[in-house]
Each structure stands twice: as C-alpha cells, then as structure tokens.
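K.L.:
Got a structure for you, written out below as structure tokens; questions coming shortly.
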Amino acid sequence: MATQTMSLWESAVAFGERTMGFARRILPPLVADTAAAVRGMVATDPFERLIQEHRQVDAMLQRLTDGIDAPNAWRIALFMRFKRAMTKHSLAEEDIVYPALHDEVRDQKGSKSLYEEHAEIKIHMAEVEHALLNEDPQWRRHVRSLHEVLARHMRHEEEEEFPKMRSVLGEERQRTMSAEIRREERMVI
Ligand SMILES: [Fe+2]
Ligand SMILES: [Fe+2]
172 MATQTMSLWE
182 SAVAFGERTM
192 GFARRILPPL
202 VADTAAAVRG
212 MVATDPFERL
222 IQEHRQVDAM
232 LQRLTDGIDA
242 PNAWRIALFM
252 RFKRAMTKHS
262 LAEEDIVYPA
272 LHDEVRDQKG
282 SKSLYEEHAE
292 IKIHMAEVEH
302 ALLNEDPQWR
312 RHVRSLHEVL
322 ARHMRHEEEE
332 EFPKMRSVLG
342 EERQRTMSAE
352 IRREERMVI
C-alpha cells in the first residue's frame with residue numbers, strides 16, 4: 172500500500188511538469204502574478220501578507236474543482252502544492268498570529284475558535300487527499316466541502332479577527348510580526 176501511494180505521488184510530481192501546457196489551456200492566470208504586484212505592501216503588513224496567501228490557496232482549490240476533465244495525477248500534483256501553501260500559512264498563524272490575538276489583544280475566545288477551525292480544515296484536507304489518492308469518483312464533493320470550510324474561516328479572519336488585531340497592535344508590533352511570520356514560513360520547505 173505504501174509503495175503504491177509513493178508511486179502515485181511521484182508520478183504526480185513528474186506529471187505536473189509535463190502537463191503545464193494543459194494547465195495553461197484550462198486555467199485562469201496564476202494568482203502568483205498578483206502576489207508579486209503587492210510584494211512591497213505585504214513585506215511590512217502581516218495581515219496583507221496573510222490575506223494574499225488566502226487568495227492564493229482559494230484560487231488553487233477553485234482550479235482543482237474546475238479541473239474536472241484533468242488527469243488524476245494533475246489533480247494530485249495541484250493538491251500537493253495547495254497542501255504545502257496551507258502548511259506554511261497555518262504554521263505562521265498558529266505559532267505567531269493566534270498567540271498574539273490571545274495574549275496581546277486578549278481575545279481568548281477568538282483565538283480558540285481559530286485554532287478549532289484549523290483543526291476542521293485539516294480533517295477536510297485529509298479527506299480530499301484520501302479521495303484523490305484512491306481515485307474516488309466523489310473527489311469533487313470533498314473538495315467543495317473543504318472549500319466551503321476554508322472560505323468561512325478566511326472570512327472570519329479577514330472580517331473579524333485581523334481588523335481587531337490591526338486596531339490594537341501598533342505599527343512597530345505589526346512590523347515585527349511580519350518578520351516573525353516570514354521566519355516561521357521559511358521553516359516549511
Ligand atoms: Fe487561519
Ligand atoms: Fe489565514
């Protein structure tokens with residue numbers, strides 16, 4: 172089973188390279204281009220950086236859903252990229268942002284609910300990964316569920332918790348938080 176799983180992932184990586192032409196034909200422009208355009212702004216504003224990352228992972232899930240006619244190996248390769256981006260983002264939030272919300276903004280309830288939402292997202296991610304690796308014909312249903320849960324969580328952060336943090340934390344603290352987030356994200360290769 173382990174051998175079979177490895178070969179699926181390995182072939183997905185190799186396949187990712189070969190299918191770039193296919194990807195360009197069916198996909199909208201990559202959000203990464205947008206990220207480059209706002210690079211200057213996200214360097215010092217921790218919340219802009221996190222919101223930009225939200226747009227990137229959201230676009231990846233949308234592309235996964237839209238790739239209904241794509242080969243399964245292409246879907247697995249895309250999901251691997253999504254998983255890596257989510258891991259970096261979640262690590263920074265859980266180690267830097269949510270503790271600051273808890274201790275510095277003194278919003279214990281908000282902090283706890285964000286940790287709980289991350290746990291829920293991880294369960295849905297595991298379901299999508301399992302469905303893709305097993306070529307489950309219901310894979311799109313799992314992706315849609317994940318997308319809904321993730322979108323709700325991102326709205327919660329962007330519309331409630333991040334504005335709260337922005338209003339309490341000073342400019343200098345936000346600058347140091349940006350550096351801490353960058354350092355944390357570099358821990359995931
Ligand atoms: Fe989050
Ligand atoms: Fe987030």
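Residue 312 in the working numbering sits at position 141 of the sequence shown, and the numbers go up by one each step.
Don't be surprised by glycine CBs; every beta carbon is placed ideally from N, CA and C.
Note that the structure is a prediction, hence the values are computed from the model and not measured.
Between Ala-302 and ligand 3, is there a pair consisting of the residue's CB and a ligand heavy atom that are separated by less than 7 Å?
P.N.:
Only ligand 1 and ligand 2 can be found as ligands here, which leaves ligand 3 out of the picture.
K.L.:
Please find out if some non-hydrogen atom of ligand 2 comes closer than 7 Å to the beta-carbon of Pro-273.
P.N.:
As a first step, residue 273 is located in the sequence shown; it is residue number 102 there, counting from the start. The identity of residue 273 in the sequence shown is His, whereas the question assumes Pro. No, since every heavy atom of ligand 2 falls outside the 7 Å radius drawn around the Cβ of His-273.
K.L.:
Helix, strand or coil for Pro-200? Go by DSSP, reduced to three states.
P.N.:
Along the sequence shown, one-based indexing puts residue 200 at 29. Legend: pLDDT at Pro-200 = 44, less than 50; position of this residue unreliable, value from coordinates given subsequently. Three-state result, Pro-200: coil.
K.L.:
Please report the straight-line C-alpha distance between Leu-303 and Ala-248, rounded to a whole angstrom.
P.N.:
The residue labelled residue 303 in the question sits at position 132 within the sequence shown. The residue labelled residue 248 in the question sits at position 77 within the sequence shown. If I take the Cα positions, the gap works out to 10 Å.
K.L.:
State the DSSP-derived secondary structure class of Leu-340, mapped to helix, strand or coil.
P.N.:
Mapped onto the sequence shown, residue 340 falls at position 169. Looking at Leu-340 - three-state DSSP - the assignment turns out to be coil, as it is neither helix nor strand.
K.L.:
Alpha carbon to alpha carbon, what distance is there between His-318 and Ile-160?
P.N.:
It is not possible to answer for residue 160, since the shown part of the chain is limited to 172 through 360.
K.L.:
Along the alpha helix (DSSP H) that carries Ser-323, what are the first and last residues, could you check?
P.N.:
Residue 323 sits at position 152 when you count from the first residue of the sequence shown. For the sequence presented, residue 323 should be read as Arg rather than Ser. Element bounds for Arg-323: 310-327.
K.L.:
Report the three-state DSSP secondary structure of Arg-357 (helix, strand or coil).
P.N.:
In the sequence shown, residue 357 corresponds to position 186, counting from 1. Of the three classes helix, strand and coil, the one that applies to Arg-357 here is coil, per DSSP.
K.L.:
Measure how close the beta-carbons of Leu-235 and Arg-246 come, nearest whole angstrom, since I'm counting them as under 8 Å.
P.N.:
As a first step, residue 235 is located in the sequence shown; it is residue number 64 there, counting from the start. As a first step, residue 246 is located in the sequence shown; it is residue number 75 there, counting from the start. Yes, they are in contact, since the Cβ atoms of Leu-235 and Arg-246 sit about 6 Å apart, within 8 Å.
K.L.:
So does His-289 have its beta carbon nearer than 7 Å to some heavy atom of ligand 1?
P.N.:
Residue 289 sits at position 118 when you count from the first residue of the sequence shown. Result yes, Cβ under 7 Å from ligand 1.
K.L.:
Where does Asp-307 fall in DSSP's three states?
P.N.:
Position 136 of the sequence shown, counting from 1, holds the residue named residue 307. Note: Asp-307 maps to coil in three-state DSSP.
K.L.:
With distances taken Cα to Cα, identify the nearest neighbour of Pro-308 among Ile-222, Gln-223, Ala-241.
P.N.:
One-based indexing of the sequence shown puts residue 308 at position 137. The shortest Cα separation from Pro-308 among Ile-222, Gln-223, Ala-241 belongs to Ala-241.
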